[in-house]
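**Q** According to the numbering used here, the sequence shown is numbered sequentially starting from 729. Backbone N, C-alpha and C define an ideal beta-carbon position, used for all residues, glycine too.
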Amino acid sequence: MNILLDFDGVLFDSSWEVTAIILLTYINSFPNSNISKHFAKLKTSKVLHSIGKYAADHAFRVFEVETKNLNRYFRKFRTYCIDVDDFFIISYLIDNNYFDLKSLNYKNVNDNFYYAYKKRVVEEKSDDLKLFIQSFYDSRRYIKDMNEEFWILLNQPFEKEVRIFMEVYKRYNVGILSTKQKYAIISILHYYGIPIDPNVVFAKENDFIHKGKKIKEIINLWGIVERDLHFVDDLIENLLKIRNYAKGVNLYMSSWGYNNFAHRSLAKKNGIKIIDSIDYLIRKGE
729 MNILLDFDGV LFDSSWEVTA IILLTYINSF PNSNISKHFA KLKTSKVLHS
779 IGKYAADHAF RVFEVETKNL NRYFRKFRTY CIDVDDFFII SYLIDNNYFD
829 LKSLNYKNVN DNFYYAYKKR VVEEKSDDLK LFIQSFYDSR RYIKDMNEEF
879 WILLNQPFEK EVRIFMEVYK RYNVGILSTK QKYAIISILH YYGIPIDPNV
929 VFAKENDFIH KGKKIKEIIN LWGIVERDLH FVDDLIENLL KIRNYAKGVN
979 LYMSSWGYNN FAHRSLAKKN GIKIIDSIDY LIRKGE
C-alpha cells in the first residue's frame, strides 16, 4: 500500500506553534497592532524574547495560559490556512477585530467572506504580507534554536495517530506531503524516535508546495498509478486541488484535524471519505 499523509492536522497539532510564531512576528514586526499592544503588557512577550533563559515546561505553562483565547481563534480558522500567506490573512482579521472576537464565527467568516477578504488584503497589504512571511520563518527558527524543548512542546502529537504512523511506516510505502518546512518536520519526527527517510518527506524547502502538482510528481517518482495512492489531509482546499490534478488518488479527510462542518460536508459531496483515524487505512490494506 502507498500512503501519503499531511503533517499538521493529521499527525501533529501545531496550533500552539503557530500561535507562538505569529505572536512573536507581530510583536517584532507590527508593534502598533492590537495584538502587540495587548501582549506587551503580559509575561508571554518577555518569555518569547528571552526564551533561551526559561525552562521549557515553565515557558509553555505561561504561554498556554496567556494565549489560550488567541490560540482558540487561530485554531478555529486554521481550516483556511494552506500556507503562510493565509496565516497573515487570519492574523490580520483577528487583529482588526481584536476587541470584538466573538463576531468572528463561521456564520460571518465563511468561504465567500474569506476568499474575498484575502483578495482585498493581499492587494492592499502586500508589503506587510512580505514582511510577515519572512518574519514568520525567522521566528520559527529563533524559537527552535533558542529553546528546542519549548518548540517541541508547541508541536503536540495526535498520540494515537503517531503510534499508528510508526507501525504503518514499517509495513508500507509511506511518505509525508506538507506545506510545513521540511527541516521542522524531520526534527519533530526524530525527536519522537521516528528515523524517517528525508527522501519521503515532501515539504517546503524554498518554494511554495502546490499539493496537486506535487502529488503528480510523487506518483511518477514512486512508479505507481493514481488509484494505488492513498492520501490523508485535513484541509478541503488541498484535497480538492489533488482531485483536480490526480482524479484517481484515494482521498481522505482527517476528522480530528483543522476543518469544520461545512468543509467536511463539502468533502463528502466530492466523494472524499471522512475518517476518524489513519488506522482506517491499515484495515483497508489488510
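Rounded to a whole number of angstroms, what is the C-alpha to C-alpha distance between residue 755 and residue 875?
**A** Distance between the alpha carbons of residue 755 and residue 875 is about 19 Å.
**Q** Helix, strand or coil, according to DSSP, for residue 981 in the structure here?
**A** Residue 981: strand per DSSP, three-state reduction.
**Q** Taking C-beta to C-beta, are residue 910 and residue 933 nearer than 8 Å?
**A** Closer than 8 Å, so yes.
**Q** Secondary structure at residue 902, three-state DSSP: helix, strand or coil?
**A** Note: residue 902 maps to strand in three-state DSSP.
**Q** For residue 758, which residues of its own chain have a beta-carbon under 7 Å away from its beta-carbon, when the five flanking residues on both sides are left out?
**A** Only 764 meet the Cβ criterion.
**Q** Using DSSP with H/G/I as helix, E/B as strand and the rest coil, what is residue 775?
**A** Helix at residue 775.
**Q** Quick check on the burial criterion: 16 or more other C-beta atoms within 10 angstroms. Buried or exposed for residue 868?
**A** Buried, since its Cβ has 16 or more Cβ neighbours within 10 Å.
**Q** Is residue 797 helix, strand or coil when you go by DSSP?
**A** Looking at residue 797 - three-state DSSP - the assignment turns out to be helix.
**Q** At what residues does the alpha helix (DSSP H) containing residue 961 begin and finish?
**A** Taken as a continuous stretch (DSSP letters only), residue 961 belongs to no alpha helix (DSSP H), being part of the beta strand (DSSP E) at 957-961.
**Q** Just to confirm the assignment, what range does the alpha helix (DSSP H) spanning residue 972 have?
**A** 964-973 is the span of the alpha helix (DSSP H), which, as asked, contains residue 972.
**Q** Let me make sure I understand the geometry here. Which of 804, 871 and 770 has the alpha-carbon closest to that of residue 790?
**A** Residue 770 is the option with its Cα nearest to residue 790.
**Q** Kindly indicate the opening and closing residues of the beta strand (DSSP E) around residue 930.
**A** Here the beta strand (DSSP E) through residue 930 covers 929-932.
**Q** When burial is assigned at 16 or more other CB atoms within 10 Å of the CB, is residue 814 buried or exposed?
**A** Looking at its Cβ environment, which holds 16 or more other Cβ atoms inside 10 Å, residue 814 is buried.
**Q** Just how far apart, CA to CA, sit residue 984 and residue 929?
**A** Rounded to the nearest angstrom, the two C-alpha atoms are 22 Å apart.
**Q** Quick one: residues in its chain with C-beta nearer than 7 Å to the C-beta of residue 863, no 5 flanking neighbours on either side, listed in chain order?
**A** Closer than 7 Å at the Cβ level, and outside the excluded window around residue 863, lie 753, 756 and 757.
**Q** What residue range is occupied by the uninterrupted beta strand (DSSP E) comprising residue 749?
**A** Not the beta strand (DSSP E): residue 749 falls in the alpha helix (DSSP H), residues 743-757.
**Q** Given residue 971, which residues of its chain have a CB within under 7 Å of its CB, disregarding the five upstream and five downstream residues?
**A** Cβ within range, chain order: 979 and 998.
**Q** Would DSSP call residue 926 helix, strand or coil?
**A** If DSSP states are grouped into helix, strand and coil, residue 926 belongs with the helices.
**Q** In chain order, which continuous runs of the beta strand (DSSP E) of length 3 or greater are located wholly inside the region 777-843?
**A** Segments of the beta strand (DSSP E) lying fully in the region 777-843: there are none.
**Q** Looking only at C-alpha atoms, which of 738, 957 and 732 sits nearest to residue 888?
**A** Per the Cα distances, 738.
**Q** Which residue from 733, 800, 734 and 907 puts its Cα closest to that of residue 748?
**A** Residue 748 has its Cα closest to that of 800, out of 733, 800, 734 and 907.
**Q** Could you check which residue in 923, 903 and 810 has the C-alpha nearest to that of residue 843?
**A** The shortest Cα separation from residue 843 among 923, 903 and 810 belongs to 810.
**Q** If you check the beta carbons only, do residue 908 and residue 788 fall under 8 Å apart?
**A** Taking 8 Å as the Cβ cut-off, residue 908 and residue 788 do not qualify as a contacting pair.
**Q** Can you tell me which residues form a DSSP beta bridge with residue 740?
**A** For residue 740, which the question treats as bridged, DSSP gives the partners 736 and 885.
**Q** Among 1011, 817 and 963, which residue has its Cα nearest to the Cα of residue 992?
**A** Out of 1011, 817 and 963, 963 has the C-alpha closest to the C-alpha of residue 992.
**Q** Relative to the alpha-carbon of residue 891, which residue among 922, 987, 826 and 1002 has its alpha-carbon at the smallest distance?
**A** Ranking the options by Cα distance to residue 891, first place goes to 922.
**Q** Quick one: Cα of residue 936 to Cα of residue 944, how far?
**A** Computed Cα separation, rounded: 15 Å.
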